[in-house]
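Notes follow once the structure below has been shown.
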Amino acid sequence: MKKNRRNLALHPHRQSTGASASGSNRLRLFCALILSLGVAAFASAQPPSLAPTAERNLVTAQVDSARRHSLSGNRVAWASAQNDRAAVANDLPLRNLSVILNRTAEREQAFQQLLRDQQDSASPNYHRWLTPVEVGERFGVSQHDTDAIAAWLSSQGLHVDGIANSRTRIAFSGTAGTVATTFATPLHNYTVGNETRMANVGDPQIPAALAAVVQSVAGLHTVKYRPAHRMTPPQQAQVTPSVIQPAATYCPQSGACSYYVFPTDFARIYDLPTSSINGSGQSIAIVSRTRVYDTDDTNFMSLSGVSFSAPTVIVPPAGTDPGPPATTCTTSGSTNTCDKPSDAVADQSEATLDVQRAGSIAPGATLKLIASMDTGSGASKADGIVIGIEYAIDTNPVPAQILSISFSSCESVNGASNSIGFDQLYQQAAAEGISVFVASGDGGVAGCEALDATPSTTQVVSTNTLCASGYVTCVGGTEFADAANPSAYWAASNSTNFLSALGYIPEGAWNDPLNGSGGTQFAASGGGVSAYIATPPWQTGTGVPGNQGRYTPDVSFGASTREGYFTCFAAQAASCVVTAGKFSFFGSGGTSASTPSMAGIAALLNQKTGAAQGNLNPRLYALAANPANGVFHDVTVSSSGMSGCAVSIPSLCNNATPGPSGLSGGLQGFLVGTGYDEATGLGSIDIANLLNRWSGEV
73 MKKNRRNLAL HPHRQSTGAS ASGSNRLRLF CALILSLGVA AFASAQPPSL APTAERNLVT
133 AQVDSARRHS LSGNRVAWAS AQNDRAAVAN DLPLRNLSVI LNRTAEREQA FQQLLRDQQD
193 SASPNYHRWL TPVEVGERFG VSQHDTDAIA AWLSSQGLHV DGIANSRTRI AFSGTAGTVA
253 TTFATPLHNY TVGNETRMAN VGDPQIPAAL AAVVQSVAGL HTVKYRPAHR MTPPQQAQVT
313 PSVIQPAATY CPQSGACSYY VFPTDFARIY DLPTSSINGS GQSIAIVSRT RVYDTDDTNF
373 MSLSGVSFSA PTVIVPPAGT DPGPPATTCT TSGSTNTCDK PSDAVADQSE ATLDVQRAGS
433 IAPGATLKLI ASMDTGSGAS KADGIVIGIE YAIDTNPVPA QILSISFSSC ESVNGASNSI
493 GFDQLYQQAA AEGISVFVAS GDGGVAGCEA LDATPSTTQV VSTNTLCASG YVTCVGGTEF
553 ADAANPSAYW AASNSTNFLS ALGYIPEGAW NDPLNGSGGT QFAASGGGVS AYIATPPWQT
613 GTGVPGNQGR YTPDVSFGAS TREGYFTCFA AQAASCVVTA GKFSFFGSGG TSASTPSMAG
673 IAALLNQKTG AAQGNLNPRL YALAANPANG VFHDVTVSSS GMSGCAVSIP SLCNNATPGP
733 SGLSGGLQGF LVGTGYDEAT GLGSIDIANL LNRWSGEV
């Protein structure tokens, strides 16, 4: 309508006098009245939050690089003088950098209102999801402002690679020297532990004219996002001569039984319905750095009795193709030699676990593996996980309305700008109807620690920055409290498709502080409170500590390798190929096993309700307010099987961490308790009750 009015105003016309002029004026006034009424009627016919929000420019002065504004919150604590090694080479190419933008206050307010309306069944905007382009058109930064920022970047010698569909991020690239000059801060290499990282020495600076519209600059410091999973050494199982039934419950005559969770066991423990609700018609996006070996999935299906399609691989345009997956591994003593680097094999084992867990829960869903290697070189590499997340949320149309992310990096390492930037990105996902699930982490409350490191005396309390946002469902880990009487919960042998679980098994917080050799380790459900993200309004109820920040996790599932998930992975001698009556497999655990399980449940939920559900959290906490509906298995000190609980000593009643040489000396964790807790969230889920209660009364 605006275009028509503009064309009318510019259209040439002859001047008239006298009666003709008066008639012409009356005609123009009449047409203008009709036009204005039509515009008003059109606007009033739109649901209020979907009506276009007025575009306002935040860049109102000439962009002058000599007048500068510092962006606070864009430095990281580890970029310290004692860790400093040297300046980054000026000619080092940097890719996948972004300027993160602020909306106008009016547009941000309107966007927040839309997000509330989309989850309010009484609103005309209920479940009216937007595309990424619509998010940008209705709530993004003005064209004038994005043009001004892009022009400034170009004038500094940087290459503008693109503007996000949401119009809240501008991607750019250039050499390290040009980037340092543009943002008036040197870029240095730092040694942190056994890693070399790049970071900006000072706060980045931008022209003062851009201060109102620029929130931060992403990519100036590098972070590695770690897979949040653990696996046992390869396990051997026998099969009977006539029917392939490996020992999911394996009780050798010389020792105690070992229990592994097959899809049939998970279904029985967590009440997964056996019906036509199987995720059909839904898509689950899984973020990865690698492809998977499809034969692993074929072998998994042949042994477990489930059937799902091989994942579709998508390499984001901004990413790097990871190439073919690892397929072989030779073993010499305790040493495995594989046909890919160890980091790539670890990433592939994560992707394999994610595919097999999501596929076994929702076998009818389409699995989309968004795979990119890290891009760049040395300490300046851009993480493929971030590239994949951005692709999954900002591609128009979105590739899936369920997103599973099984990676972790703590807030303390990332700093405020990264947590706030991810929160903005996940906010966009919520508006698009995407349900995002992220692993809470596997280091207990010490979210910064590498899982293969010996616990130190300098542990830091921190949560996973990838799941600090209230727009994602953060998934933690539980552990079965069955050690005192396993026969009460597991059969002595397997039935069809290796079923051995007898029913629900009481749970504590996942916490395995000792490894197989008796040494201390990080192996516990991540959780805690965000240092940067506020408490969401829906995060209330019994057990929620208060309003100090966003609390994680939200929900949990079994995560201990003590009774790990059956996994096939040929690249590390766990191919599941039956030879001479035996086969090898992994028992997998970690919160990255819990996360794709929850993503699979979301696919069932979307199919049953006939629509994408977006951010599940408001409804999950509403359902938790009434324990009588049976949706959650509350994890408490009693359910953990602990007769007493010292919150500073790691056990199934908390997510505390051990010290270097024993259970004491680590960090005090959070105690499990009635309702919500920062070790297991609201607890694990009775899937059938969740599906049945989702759309009805709480």
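Residue numbers for the sequence shown follow our numbering, so the first one is 73 and each next one is one higher. Yeah, the Cβ is synthetic: ideal placement off N, Cα and C, and Gly gets one too.
Item	Value
Taking just the CA atoms, how far does residue 570 sit from residue 653?	16 Å
Cα-Cα, which of 283, 343, 589, 588 is closest to residue 135?	283
Skipping 5 residues on each side, what residues in its chain have a beta carbon closer than 6 Å to that of residue 534?	482, 483, 484, 519, 520
Mind checking which residues open and close the beta strand (DSSP E) that includes residue 693?	From DSSP, residue 693 is part of no beta strand (DSSP E) but of the alpha helix (DSSP H) over 689–696.
Would you be able to state if there are at least three C-beta pairs under 8 Å between the segment 488–504 and the segment 555–567?	no
Which residue marks the beginning of the alpha helix (DSSP H) containing residue 680, and which one marks its end?	663–681
Pull up the distance between the alpha-carbon of residue 138 and that of residue 173, whole angstroms please.	21 Å
Along the beta strand (DSSP E) that carries residue 204, what are the first and last residues, could you check?	First-last for residue 204: 204–211, but that is the alpha helix (DSSP H), not the beta strand (DSSP E).
To the nearest angstrom, report how far apart residue 532 and residue 668 are at their CA atoms.	27 Å
Of the residues 646, 522, 727, which one's Cα is nearest the Cα of residue 266?	522
Quick check on the DSSP output: the alpha helix (DSSP H) that includes residue 487 runs from which residue to which?	483–503
State whether the segment 449–459 contacts the segment 180–197, with contact taken as three or more CB pairs (one from each stretch) at a distance under 8 Å.	no
Check this for me: beta carbons of residue 761 and residue 701, under 8 Å apart or not?	yes
By the three-class DSSP mapping on this structure, what secondary structure does residue 558 have?	helix
Under the three-state reduction of DSSP, which class applies to residue 714: helix, strand or coil?	coil
Would you be able to state if there are at least three C-beta pairs under 8 Å between the segment 687–705 and the segment 542–561?	yes
What residue ranges within the segment 391–462 form continuous beta strand (DSSP E) runs of no fewer than 3 residues, ordered along the chain?	401–404, 407–410, 438–443
In whole angstroms, what separates the C-alpha of residue 445 from that of residue 395?	9 Å
Residue 602: which of 624, 708, 243, 614 sits nearest, CA to CA?	624
Could you tell me which residues DSSP pairs with residue 293 in its beta bridges?	Answer is none; residue 293 lacks a bridge partner.
Considering only the alpha carbon of each residue, which of 666, 696, 662 lies closest to residue 825?	The question about residue 825 has no answer here: the residues shown for the chain are numbered 73 through 770.
Closer than 8 Å by C-beta to residue 178: which residues in its own chain qualify, once you throw out the five before and the five after it? Chain order, please.	125, 126, 128
Identify the residues that DSSP records as bridge partners of residue 303: which are they?	660
Could you tell me the alpha carbon to alpha carbon distance between residue 659 and residue 507, rounded to whole angstroms?	28 Å
Just confirm the distance between the C-beta atoms of residue 480 and residue 269, as a whole number of angstroms; I'd bet it's less than 8 Å.	Not confirmed; about 16 Å, so no contact.
Per the contact definition of three or more C-beta pairs closer than 8 Å, is the segment 637–650 in contact with the segment 727–743?	no
So, is residue 476 buried or exposed, given that buried needs 16 or more other C-beta atoms within 10 angstroms?	buried
Taking Cβ to Cβ, would you say residue 364 is nearer than 8 Å to residue 383?	yes
Please classify residue 110: does DSSP put it in a helix, a strand, or coil?	Caution is warranted here: a pLDDT of 45 is assigned to residue 110, below 50, making its placement in the model unreliable, and no coordinate value can be reported.
Grab me the residues of residue 264's own chain with a C-beta within less than 7 Å of its C-beta, minus the 5 sequence neighbours each way, in chain order.	150, 155
Residue 169 lies in the beta strand (DSSP E); which residues open and close that run?	165–173
Taking buried to mean at least 16 other C-beta atoms within 10 Å of its own C-beta, is residue 759 buried or exposed?	buried
Leaving aside the five residues before and after residue 608 along the sequence, list all residues of the same chain whose C-beta is less than 6 Å from its C-beta, in chain order.	542
Mapping DSSP to helix, strand and coil, what is residue 749?	strand
Which class does residue 622 belong to by DSSP, given the choice of helix, strand or coil?	coil
Got a sec, what are the start and stop residues for the alpha helix (DSSP H) residue 183 sits in?	177–190
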